[in-house]
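K.L.:
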Amino acid sequence: MDSDAQDSLLQFVWDRVAAVFEECERTHGLLEALPARTPDRLRFVASVVERVGAMGRLAERVPGGKDCFRAAEMRMEGNKFMRSSGPRDLLAAAEAYNRALAYAPEDSGELRKAYSNRSAVCYALREYRLCLDNIEAALRIKAPAPDPALEEKLRTKQLACRKLLADERVCHQFEQFCYAKLSYGPNVTNSRVVEGVVESGGQLVARQDFVVGDVLMIDEPYVTVIDGKDRYTRCHHCLRDRFLELRPCPDCVVAMFCSKQCAQQAHQRYHRLECPVLHRLFEIYHIATLVPLRIVCTAIDTFGDDLDRLEEHIQKIDPDFNPFQLNWNKVTREQLYYAMHVLPTNESQRAPMLNLFLATESIVVTEIMFRHSPKLRQLANTEAKQDLIRQLVYHHTMTSAFSARHINQDNGLGSYPLLAAANHSCIPNTIRVVLPGGKNALVTYRPIQTGDQILISKGVLFTKHAKQFRQDRLNSLFQIQCRCEACTFDYPPVWLDHSDCPLEPADQTQLNQIERLLDRAKPPAVSCHAVRTALEAVVLLMRKYVPLVPTRNLRQLTELFSRCHVLLFHGVPARQRYAQQGLC
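Structure below.
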């Protein structure tokens with residue numbers, strides 16, 4: 001969809017949302033007179049949505065299917081990047097070819113050409129194994145019209161790649177980092193980690209003392225949703241940056257996967273239900289709106305597409321259930337959903353109009369699904385089952401405020417059942433480290449004593465944001481009034497603080513050396529061992545200086561602490577390696 005058409009659709013959506021608000025305000029008495037049961041209220045909002053014509057254009061057939069003409073346009077755009085007189089923008093070319101792959105119909109000539117063109121990018125970036133993979137994908141396609149010239153070209157390049165890969169010097173020239181592993185496993189109920197107490201304002205409490213650098217726990221996302229800007233460079237399921245390996249969904253133009261395993265898992269758990277409408281939802285909503293829908297789709301799969309069984313399970317859920325009582329080494333998918341469902345909604349603490357907005361958003365999303373997802377419509381084939389879907393999407397829209405976390409600097413969102421139990425602090429004692437695949441490690445970066453709360457940041461920090469901004473944002477998003485150390489004593493943002501505590505000369509020299517090491521980090525110049533050593537040095541400096549807050553050094557040390565973890569767990573990003581090697 002072009003930008004003008006998308007802007008027009010967005011304007012329609014917001015106009016209709018405004019109309020829903022006006023109608024609900026006019027019939028406010030009717031809404032308040034309803035029993036305080038969510039299904040009744042959601043049914044009322046659904047009737048208002050229908051009455052004011054809020055679905056309108058959204059009820060029309062969802063556009064954006066496979067299209068050879070669109071695929072050819074995108075492929076030609078990639079060719080322009082490859083043939084430009086200046087430095088070739090190989091990364092932009094690869095993204096354009098990925099778009100072409102997404103739009104090309106299955107077993108079409110355009111699909112074969114797009115794989116062929118992407119193999120040229122791989123060759124230019126000296127990714128010869130990936131070049132072979134793309135060539136083989138192109139050769140496997142049985143397009144209606146044979147193309148002997150293209151096939152001969154691919155065979156020639158295939159032989160060249162095999163010859164280069166036979167040279168051991170080429171094989172080892174671009175050796176990857178050896179990825180670090182955590183010091184202990186993911187069972188958050190053993191003595192090496194923390195215990196949780198889920199109650200009003202749930203909290204995590206330390207069972208023992210922890211020092212800077214200790215890993216407290218690992219939380220795996222129940223679902224992830226990729227950011228729209230990255231859908232043609234990252235895997236739709238695991239969110240890894242595999243832009244030279246992505247394979248398209250055969251039915252939609254949005255989802256691309258880095259492996260057969262990711263494609264199969266995504267299709268089984270959620271994509272088979274949302275595939276027909278994903279393009280439309282990405283057009284009109286932020287990805288935060290898609291998280292609740294994906295949670296519900298995953299829950300449906302968890303209970304074998306049996307909505308009666310899902311509802312029966314929900315009826316048995318104890319609202320005081322503590323997820324930390326589970327053995328997370330042997331947790332079942334049913335128990336995982338149990339942990340997701342008991343997260344707080346804060347519905348009673350939220351302004352009525354905000355609840356109405358969330359309800360309207362949930363209704364529009366579910367109505368689009370009911371109208372355009374044949375598989376969901378087949379499952380939710382009664383009014384009671386449709387009410388259940390509406391209620392669950394609304395429920396998880398409210399809980400997502402607590403469980404959703406950004407992944408890899410806004411590449412997507414993940415929903416984390418355990419991290420949601422931790423309270424916020426603008427000067428937290430832990431830092432969240434994103435692991436490959438979206439898992440989160442909670443790492444200590446301020447000393448924690450037995451009985452202390454485990455505190456995380458919910459997006460605002462005193463080192464970066466003024467107190468009033470922090471308070472307003474936390475109240476708006478989470479309905480909480482922060483009384484942390486930084487807010488109580490009104491610590492100024494470090495960039496306003498002139499009473500800094502300088503590092504000792506030897507420590508400052510060491511810190512500068514670590515920064516230079518990380519700035520030039522690329523294999524084989526910097527080894528995994530070197531980064532580990534740098535992290536150990538940063539940890540020692542943090543143990544020495546972090547207790548002296550507020551100080552500008554806190555921000556500098558925290559950033560280095562985070563950078564070391566990113567390198568250890570993710571290695572050097574491919575794009576950065578290519579730039580460092582002068583390839584793009």
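Numbering-wise (the UniProt record's numbering), the sequence shown opens with residue 1 and increments by one. Quick reminder that beta carbons are idealized off the backbone N, C-alpha and C, glycines included. Remember, predicted model here, so these are calculated numbers, not experimental data.
Can you find the residues in the same chain that come closer than 6 angstroms, C-beta to C-beta, to Val566, ignoring five residues on each side of it along the sequence?
P.N.:
Position 566 of the sequence shown, counting from 1, holds the residue named residue 566. So the list is empty, once near-sequence residues are dropped.
K.L.:
Measuring straight from C-alpha to C-alpha, what distance separates Val45 and Leu310?
P.N.:
Position 45 of the sequence shown holds residue 45. Position 310 of the sequence shown holds residue 310. Each residue's Cα considered, the two are about 24 angstroms apart.
K.L.:
DSSP three-state label for Asp241, please.
P.N.:
For the purposes of this step, residue 241 is identified with residue 241 of the sequence shown, where counting begins at 1. Strand.
K.L.:
Helix, strand or coil: how does DSSP classify Gly437 here?
P.N.:
In the sequence shown, the residue the question calls residue 437 occupies position 437. It is helical.
K.L.:
Can you tell me which of the three DSSP states Gln203 falls into?
P.N.:
Walking along the sequence shown from the start, residue 203 turns up at place 203. Looking at Gln203 - three-state DSSP - the assignment turns out to be strand.
K.L.:
Do you know how far the Cα of Lys464 is from the Cα of Pro492?
P.N.:
Taking the first residue of the sequence shown as 1, we reach residue 492 at position 492. Taking the first residue of the sequence shown as 1, we reach residue 464 at position 464. Those two C-alpha atoms are separated by around 9 angstroms.
K.L.:
So, are the CB atoms of Val223 and Ser425 less than 8 angstroms apart?
P.N.:
Translated into the one-based positions of the sequence shown, residue 223 becomes position 223. Translated into the one-based positions of the sequence shown, residue 425 becomes position 425. No. Outside cutoff.
K.L.:
Does the distance from the CB of Phe478 to the CB of Phe402 come in under 8 angstroms?
P.N.:
Taking the first residue of the sequence shown as 1, we reach residue 478 at position 478. Taking the first residue of the sequence shown as 1, we reach residue 402 at position 402. Contact: yes.
K.L.:
Between the Cα of Leu343 and those of Asp306, Lys375, Thr399, His271, spot the shortest distance and give me the residue it belongs to.
P.N.:
Taking the first residue of the sequence shown as position 1, residue 343 is located at position 343. The candidate whose alpha carbon is nearest that of Leu343 is Thr399.
K.L.:
Rounded to the nearest angstrom, what separates Asp308 and Lys385 at their Cα positions?
P.N.:
In the sequence shown, counting from the first residue as 1, residue 308 sits at position 308. In the sequence shown, counting from the first residue as 1, residue 385 sits at position 385. So the two alpha carbons sit approximately 8 angstroms from each other.
K.L.:
With contact counted as at least three CB pairs below 8 angstroms, one residue from each stretch, are the stretch 101–110 and the stretch 248–263 in contact?
P.N.:
Short answer: they touch.
K.L.:
Return the chain-ordered list of same chain residues with a C-beta closer than 6 angstroms to the C-beta of Ala145, the five sequence neighbours on each side being excluded.
P.N.:
In the sequence shown, residue 145 corresponds to position 145, counting from 1. The answer, listed in chain order, is Gly109.
K.L.:
I'd like to know whether the C-beta atoms of Val215 and Arg543 end up nearer to each other than 8 angstroms.
P.N.:
Working through the sequence shown from its first residue, we reach residue 215 at position 215. Working through the sequence shown from its first residue, we reach residue 543 at position 543. No, they are not a contact pair.
K.L.:
Compare the C-alpha of Glu220 against each of Leu244, Ala299, Val331, Pro319 and name the closest.
P.N.:
Here residue 220 refers to the residue found at position 220 of the sequence shown. Out of Leu244, Ala299, Val331, Pro319, Val331 has the C-alpha closest to the C-alpha of Glu220.
K.L.:
Ile287 and Leu413 look like a contact to me (Cβ under 8 angstroms); what is the Cβ gap, rounded to whole Å?
P.N.:
Here residue 287 is taken as the residue at index 287 of the sequence shown, counted from 1. Here residue 413 is taken as the residue at index 413 of the sequence shown, counted from 1. Yes, Ile287 and Leu413 are in contact; Cβ-Cβ is about 6 angstroms, under 8 angstroms.
K.L.:
Does the Cβ of Gln268 have 16 or more other Cβ atoms within 10 Å, making it buried, or fewer, making it exposed?
P.N.:
As a first step, residue 268 must be located in the sequence shown, where it is residue number 268. Counting Cβ neighbours within 10 Å, Gln268 comes out exposed, since fewer than 16 surround it.
K.L.:
Within a Cβ cutoff of 6 angstroms, which residues of the same chain sit near Lys439, ignoring the five residues on either side of it in sequence?
P.N.:
Within the sequence shown, numbered from 1, the residue matching residue 439 stands at position 439. Result list for Lys439: Ile218, Glu220, in chain order.
K.L.:
On the three-state DSSP scale, how would you describe Arg129?
P.N.:
Position 129 of the sequence shown, counting from 1, holds the residue named residue 129. In the structure shown, Arg129 sits in a helix (DSSP, three-state: H, G or I).
K.L.:
Between the C-alpha atoms of Gly304 and Leu379, what's the straight-line distance to the nearest angstrom?
P.N.:
Translated into positions along the sequence shown, residue 304 becomes position 304. Translated into positions along the sequence shown, residue 379 becomes position 379. Roughly 11 angstroms between the two C-alpha positions.
K.L.:
For Arg563, which residues from the same chain have a beta carbon less than 7 angstroms from its beta carbon, with the 5 sequence-adjacent residues on both sides left out?
P.N.:
Reading the sequence shown from its first residue, position 563 is the one you call residue 563. Leu518, listed in sequence order.
K.L.:
Can you tell me which residues form a DSSP beta bridge with His406?
P.N.:
On the sequence shown, position 406 is the one that residue 406 refers to. Paired residue(s): Leu413.
K.L.:
Tell me whether the beta-carbon of Val460 lies closer than 8 angstroms to the beta-carbon of Arg446.
P.N.:
In the sequence shown, residue 460 corresponds to position 460, counting from 1. In the sequence shown, residue 446 corresponds to position 446, counting from 1. No, the pair does not count as a contact, with Cβ atoms beyond the cut-off.
K.L.:
Apart from the five residues just before and just after Arg70, which ones in its own chain have a Cβ nearer than 6 angstroms to its Cβ?
P.N.:
Position 70 of the sequence shown, counted from the start, is the residue given in the question as residue 70. So the list reads Tyr103, once near-sequence residues are dropped.
K.L.:
Measure from the alpha carbon of Gln265 to the alpha carbon of each residue in Arg280, Glu245, His237, then state which is nearest.
P.N.:
Residue numbering aside, residue 265 sits at position 265 when the sequence shown is read from its first letter. Ranking Arg280, Glu245, His237 by Cα distance to Gln265 puts His237 first.
K.L.:
Would you check if the distance between the CB atom of Pro323 and the CB atom of Pro417 is smaller than 8 angstroms?
P.N.:
Numbered from its first residue, the sequence shown carries residue 323 at position 323. Numbered from its first residue, the sequence shown carries residue 417 at position 417. Yes, these two residues count as a Cβ contact at 8 angstroms.
K.L.:
Pull up the DSSP beta-bridge partners for Ile456, would you.
P.N.:
Looking up residue 456 in the sequence shown gives position 456. Ile456 is bridged to His424.
K.L.:
Would you tell me roughly how many angstroms separate the C-alpha atoms of His279 and Arg371, rounded to the nearest one?
P.N.:
For the purposes of this step, residue 279 is taken as residue 279 along the sequence shown, with counting starting at 1. For the purposes of this step, residue 371 is taken as residue 371 along the sequence shown, with counting starting at 1. In a straight line, the C-alpha of His279 is about 14 angstroms away from that of Arg371.
K.L.:
Let me check one thing: in DSSP terms, what residues is Phe257 bridge-paired to?
P.N.:
Here residue 257 is taken as the residue at index 257 of the sequence shown, counted from 1. Arg247.
K.L.:
Please state whether DSSP places Ile218 in a helix, a strand or coil.
P.N.:
Taking the sequence shown and counting its residues from 1, one reaches residue 218 at position 218. Note: Ile218 maps to strand in three-state DSSP.
K.L.:
Would you kindly work out how many angstroms separate the C-alpha atoms of Glu77 and Leu150, rounded to a whole number?
P.N.:
Reading the sequence shown from its first residue, position 77 is the one you call residue 77. Reading the sequence shown from its first residue, position 150 is the one you call residue 150. Approximately 19 angstroms, taken between the alpha carbons.
K.L.:
Please report the straight-line C-alpha distance between Arg99 and Arg112, rounded to a whole angstrom.
P.N.:
Reading the sequence shown from its first residue, position 99 is the one you call residue 99. Reading the sequence shown from its first residue, position 112 is the one you call residue 112. Spanning the two alpha carbons is a distance of roughly 13 angstroms.
K.L.:
If we count Cβ pairs, one from each stretch, closer than 8 angstroms, do we get three or more for the stretch 281–301 versus the stretch 388–399?
P.N.:
As far as the Cβ criterion goes, the stretch 281–301 touches the stretch 388–399, which means the pair count is three or higher.
K.L.:
Considering Cα atoms alone, identify which of Asp40, Glu245, Ala143 is closest to Glu95.
P.N.:
Within the sequence shown, the letter at position 95 stands for residue 95. If we check each option's Cα against that of Glu95, Glu245 comes out closest.
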